[in-house]
Structure formats: C-alpha cells, structure tokens
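Asker:
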Amino acid sequence: MQADLFLAQAESLNLLPCDGQVHDLGLVLAKREADELLHQLQHHVPWQADTALIAGQRITSGRQVAWYADQPYRYFHSGVLREAKRWDLPVLDAIRDRMEQLSGAKFNSCVLNRYQDGSQGMGWHSDPEAQGPHSVIASLSLGGERKFAFKHKLLDERRAIFLQHGQVIVMKGDTQRYWLHAVMRTSRPVGPRISLTFRDFPESEDWT
Ligand SMILES: O=C(O)CCC(=O)C(=O)O
Ligand SMILES: [Fe+2]
C-alpha cells in the first residue's frame, strides 16, 4: 500500500521535461536510520579509489567506489576493467528490498560512491547499463547534501536537484539515452556523502 502510494505520487513528479523520467521520492529514511546506515557503510565497505584511462594515462579520482552484485559481473568503463564483488554485505539486503518496493523494479547490483567533501564530484556521464527503455536506477543519498544535475545530450535543457541525507531518486525510461548527469563539485563546506545506486545489469555483457 505504502509502495503503491509512493509510486502514484512519483509518477506525477517528473524532474525532466522530456525524454526520460527522474522521480524524486523525497526523504525515505528517517534521520536515525540514515545516520546508522552511513556509519556502517563508512566502516564496512572496502572502498577503493576510482580509476579511469584518459588519453592513455591512468587517472585516479578522489572519489571512492564499491560495486556489489549477485553475479560476478564485469565490464570495461573508461578503459578500466570493473569487477563486481559478491553481494555479501547484510546491511545492503534490507535497503535493496526497500528500493525495489519503492521503485517497483528489481535490482541485481549496487554501485556505491563515496565523496569525501565538496572537492570531489562525478563528471558528466550517462550510465551505460541502463540504456533500455525499461531500465531503472534507484539512488539513495546519505551524508552531505549535493547538487545532482542533468544536461540533455541534444537540446539546450538542464535540470538539477539537491540530494539530502536519506533521499531517494529514481531514473528511468530514456533518461540515460538522452541525458547526462553529474554530481557537482562545490566550495561550500560539506561533509562526506555516500550514494547507493541500485541497478539491474544484463547478464554477462561487456560495455566498452
Ligand atoms: O553519487 C551519485 O548520486 C550519482 C552517482 C552516479 O551517477 C553513478 O554512480 O553513476
Ligand atoms: Fe551515473
């Protein structure tokens, strides 16, 4: 019932003007719950610096990542082979259930990002595994509030939303095909942030 209500509300609130849907589900976790989850993830996830190959050079970003999945998925992204870790973090189970209920989708993996402060962000990109018309990515934000921005690939259209501690957004439909998104850097003092992005990876496919 609760989930149906959320879905009904979310359908009416599309952040994008066209070519995709981004629904803001608002603050889904109570502050205490979000605090506890942030604390557990800070300490129990084996965070690793993200790397990319740019013009033949291996670049290490300040942002840290971890990728959990039900299957040993792997893919190439920015010239670097990424491999999923076995889904063995019990704290993620309940959150996945919640995100599936809220979004009405099923997820077989979760990419986590950790931004130490406002100097760390994520550049413009779209998520390659979610290009299909039925793909859904549900994202939970914890910690410092950050600006999450969208830029249309063909039209002169931009949108943005500030993501707070315990807030969930869902990206679906053509969003990844037509829009880029980014986590903007800021000089505003802002504490560490972790995002949990739940996804459904197609089996054994490689993206280059
Ligand atoms: O940190 C975020 O909220 C967004 C992360 C993101 O875009 C990604 O992991 O692909
Ligand atoms: Fe993304």
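Residue 44 in this note's numbering is what sits at position 40 of the sequence shown, and the numbering runs on without skipping anything. By construction, the Cβ of each residue, glycine as well, lies at the ideal position given by its N, Cα and C atoms. If you're wondering where the values come from, they're calculated on a predicted model, not measured in any experiment.
(1) Cβ of Leu-116 within 9 Å of Cβ of Leu-45?
(2) How long is the line joining the alpha carbons of Gly-177 and Val-26, rounded to whole angstroms?
(3) Hey, quick one: how far does the beta strand (DSSP E) through Gln-171 stretch, first residue to last?
(4) Can you list the beta strand (DSSP E) stretches of 3 or more residues lying completely in the segment 76-138, in chain order?
(5) Are the beta-carbon atoms belonging to Asp-131 and Gln-75 less than 9 Å from one another?
(6) Just to confirm, are Ser-113 and Ala-88 a CB contact at a threshold of 9 Å?
(7) I need the boundaries of the beta strand (DSSP E) containing Gln-168, first residue and last residue.
(8) Answer yes or no: the CB of Asp-92 versus the heavy atoms of ligand 2, is any distance below 8 Å?
(9) Identify whether Ser-189 lies in helix, strand or coil by the three-state DSSP scheme.
(10) Which of the three DSSP states, helix, strand or coil, is assigned to Ala-34?
(11) Does the contact criterion of 3 or more C-beta pairs under 8 Å hold for the segment 134-153 versus the segment 164-175?
(12) Measuring CA to CA, which of Leu-19, Gln-120, His-156 is closest to Val-69?
(13) Whole beta strand (DSSP E) runs in the segment 33-75 with 3 or more residues, listed along the chain?
(14) Measure the beta-carbon distance from Ile-198 to Arg-100 and round it to whole angstroms, keeping in mind my assumption that it falls under 8 Å.
(15) Which two residues bound the contiguous beta strand (DSSP E) that contains Leu-146?
(16) Using 10 angstroms around the beta-carbon of Trp-71, count the other beta-carbons present and answer buried if the total reaches 16, otherwise exposed.
(17) Could you tell me whether any non-hydrogen atom of ligand 2 is closer than 8 Å to the CB of Met-188?
(18) Nearest to Val-32 by alpha carbon, out of Tyr-77, His-169, Met-126?
(19) State the Cα-Cα distance for the pair Lys-155 and Glu-37, rounded to the nearest angstrom.
Answerer: According to the structure data:
(1) Mapped onto the sequence shown, residue 116 falls at position 112. Mapped onto the sequence shown, residue 45 falls at position 41. Yes. Within cutoff.
(2) The residue you call residue 177 lines up with position 173 of the sequence shown. The residue you call residue 26 lines up with position 22 of the sequence shown. About 9 Å.
(3) As a first step, residue 171 is located in the sequence shown; it is residue number 167 there, counting from the start. 171-176 is the span of the beta strand (DSSP E), which, as asked, contains Gln-171.
(4) 78-81, 84-87, 113-119, 126-129
(5) Stepping through the sequence shown from its first residue, residue 131 is reached at position 127. Stepping through the sequence shown from its first residue, residue 75 is reached at position 71. Their beta carbons are not under 9 Å apart, which means Asp-131 does not touch Gln-75 by this criterion.
(6) The count along the sequence shown starts at 1 and reaches residue 113 at position 109. The count along the sequence shown starts at 1 and reaches residue 88 at position 84. Yes, the pair counts as a contact, with Cβ atoms nearer than the cut-off.
(7) In the sequence shown, the residue the question calls residue 168 occupies position 164. Per DSSP, Gln-168 belongs to no beta strand (DSSP E) and is neither H nor E.
(8) Within the sequence shown, numbered from 1, the residue matching residue 92 stands at position 88. For ligand 2, not one heavy atom lies less than 8 Å from the Cβ of Asp-92.
(9) For the purposes of this step, residue 189 is taken as residue 185 along the sequence shown, with counting starting at 1. Residue 189 is actually Arg in this sequence, not Ser. Coil at Arg-189, not helix or strand.
(10) In the sequence shown, residue 34 corresponds to position 30, counting from 1. Correct three-state label for Ala-34: coil.
(11) Judged by pairs of C-beta atoms under 8 Å, the segment 134-153 touches the segment 164-175, as three or more such pairs exist.
(12) Looking up residue 69 in the sequence shown gives position 65. Here the closest residue by C-alpha is Gln-120.
(13) Counting whole runs of 3 or more residues, the segment 33-75 contains the beta strand (DSSP E) stretches 52-58, 61-73.
(14) As a first step, residue 198 is located in the sequence shown; it is residue number 194 there, counting from the start. As a first step, residue 100 is located in the sequence shown; it is residue number 96 there, counting from the start. Rounded, the Cβ-Cβ distance is 15 Å, inconsistent with contact.
(15) On the sequence shown, residue 146 is found 142 positions in, with the first residue counted as 1. Run containing Leu-146: 140-147, per the beta strand (DSSP E) assignment.
(16) Here residue 71 refers to the residue found at position 67 of the sequence shown. Looking at its Cβ environment, which holds 16 or more other Cβ atoms inside 10 Å, Trp-71 is buried.
(17) Residue mapping note: residue 188 aligns to position 184 of the sequence shown, counting from 1. The answer is no for Met-188.
(18) Locating residue 32 in the sequence shown gives position 28, counting from the first residue. When only C-alpha atoms are compared, the closest one is His-169.
(19) Reading the sequence shown from its first residue, position 151 is the one you call residue 155. Reading the sequence shown from its first residue, position 33 is the one you call residue 37. Roughly 32 Å between the two C-alpha positions.
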